[in-house]
Every structure is written in structure tokens, then in C-alpha cells.
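Participant:
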Amino acid sequence: MARLPLIVQNERRKRIGLAITIWLQMCTVVSRFLVALSAIHSLHTYRPRIRSYILDFYTKRYYVKRLVYASDETYIEQVRMNRITFFKLCEMLQTLGGLKSSRNMLVDEQVAMFLHIISHHLKNRVIKHHFNRSGETVNRSFHNVLNVFIRLQDVLFKKVEPITTNSIDPRWKWFKVLE
Numbered sequence: 001m002a003r004l005p006l007i008v009q010n011e012r013r014k015r016i017g018l019a020i021t022i023w024l025q026m027c028t029v030v031s032r033f034l035v036a037l038s039a040i041h042s043l044h045t046y047r048p049r050i051r052s053y054i055l056d057f058y059t060k061r062y063y064v065k066r067l068v069y070a071s072d073e074t075y076i077e078q079v080r081m082n083r084i085t086f087f088k089l090c091e092m093l094q095t096l097g098g099l100k101s102s103r104n105m106l107v108d109e110q111v112a113m114f115l116h117i118i119s120h121h122l123k124n125r126v127i128k129h130h131f132n133r134s135g136e137t138v139n140r141s142f143h144n145v146l147n148v149f150i151r152l153q154d155v156l157f158k159k160v161e162p163i164t165t166n167s168i169d170p171r172w173k174w175f176k177v178l179e
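Residue numbers (UniProt numbering): 1 to 179.
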């Protein structure tokens, strides 16, 4: 077998070198593409979160809408008060007591939380879950409403009239002091 001329051998080496260079560049581009693809995939995969806070105002008010605005029957069962009385109470707490809506929670939601806690003797953790709020928010709103109720105790609560010892009411004869 005869050897190829020197010029042909050099050309062949150049072509092989060029082919290897192109192949390496293609491998580099493909590897960078695969790295970018895996990074995008890792961003979109499910990662369980410790807490998911929903920033949507209307989503957080869903339980209040279901509780207050659904029907009078459910509201009486849950809060022990009908809606008309509830709205009058909210208005009184706003005008006379100075209860204000916060940036994230309206007055009706604060009062509904307070009444729900009081009527069912629930913990803050349960209310936190129902109303989809943080524990600090539930605690803060509960204490705000409680302070307003304490401020308005003269207006809201009926003053007791003492019963005299010479009362003629037949229901009180059992409580008379024997002399």
C-alpha cells in the first residue's frame, strides 16, 4: 500500500482536528443546555413548605363569608347571634369603641373571631386554622376586640339592680334571710 502524499495527509489532519473541535463545541453547548434544563426543572418541582401564607385578601376572608354571610341559621349556631345584631355590634364597636380595620383584616372578621372563640371556647390554633391567619394575628385581633369590649362595658352590659329584702316577687321568697 502506497503512502498518501504529505499535502493530503496534512489536509486530512486539519479536517480531523476541525471535526473534533466542532464536536467538543457541540458537546459544550448540549451540556450547558442540559444544566439549564435541570435548573428550570428543579424550580418547578414540588417542595413541601413549612407554612404557606396566602396573600390574597379574598381567600383569607372565605371562612368569614361562609360563617357570616351564608345564612342566619349557621351564624346563630356558630356565634350565638343573628346577623343584624352582629352588624349593629360591629358598628357600635367601630363608632363608640374605636375598633379599626387593620391592613389585612376588617372589623367584622375580628369580631367574628372573637365571638367564635368566646362562644365555643376554642384555642387560638383552631381559629388560626379556620380563619387562615397566623397565631399572632388571631391573638392580636382577639385582644383588640376584648379591650374595646372592656372600654364599652358601661354601654354594652346592663347594670344590675339590687333586690331589696322586702321584695314581693314570689320568686325571691326562697332567698330571704331567716331571722
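C-beta: ideal position from N, C-alpha, C; glycine also. Only a predicted model underlies this, so the values are computations on that prediction, with no experimental measurement involved.
Are the CB atoms of V107 and L122 within a distance shorter than 8 Å?
Facilitator: Cβ atoms of L122 and V107: not closer than 8 Å.
Participant: By the three-class DSSP mapping on this structure, what secondary structure does P170 have?
Facilitator: helix
Participant: Apply the 10 Å Cβ neighbour rule to E109 and answer buried if 16 or more other Cβ atoms are within range, or exposed otherwise.
Facilitator: buried
Participant: Alpha carbon to alpha carbon, how far is A39 from K14? Give it in angstroms, no decimals.
Facilitator: 38 Å
Participant: Taking the runs of the alpha helix (DSSP H) that are 4 residues or longer, which of them lie wholly in the UniProt domain "DUF8040" (59 to 150)?
Facilitator: 62 to 68, 72 to 79, 83 to 95, 107 to 120 and 124 to 131
Participant: On the three-state DSSP scale, how would you describe R15?
Facilitator: helix
Participant: Below 8 Å between beta carbons: does that hold for G97 and R140?
Facilitator: no
Participant: Would you mind stating whether V68 and R83 have Cβ atoms separated by less than 8 Å?
Facilitator: yes
Participant: Does the beta-carbon of M105 have 16 or more other beta-carbons within 10 angstroms, so that it is buried, or is it exposed?
Facilitator: buried
Participant: So V155 is in the alpha helix (DSSP H); what residue range does that whole segment cover?
Facilitator: Q153 to L156
Participant: Given a cut-off of 8 Å, decide if L156 and F114 are closer than it, judged by their beta-carbon atoms.
Facilitator: Their beta carbons are not under 8 Å apart, which means F114 does not touch L156 by this criterion.
Participant: Can you have a look at R125 and say buried or exposed, based on whether 16 or more other CB atoms are within 10 angstroms of its CB?
Facilitator: exposed
Participant: Can you tell which of I22, L34 and K60 has its C-alpha closest to the C-alpha of R103?
Facilitator: Answer by Cα proximity: K60.
Participant: To the nearest angstrom, how far is it from the Cα of R117 to the Cα of A70?
Facilitator: The question names Arg, yet the displayed sequence has Ile at residue 117. Those two C-alpha atoms are separated by around 19 Å.
Participant: Give the DSSP-derived three-state secondary structure of R32 in the structure shown.
Facilitator: helix
Participant: Does DSSP put T165 in a helix, in a strand, or in coil?
Facilitator: coil
Participant: Indicate whether V79 and S119 have their beta-carbon atoms separated by less than 8 Å.
Facilitator: Cβ atoms of V79 and S119: closer than 8 Å.
Participant: If we ignore side chains and look at the alpha-carbon of each, how far apart do R171 and F131 end up?
Facilitator: 45 Å
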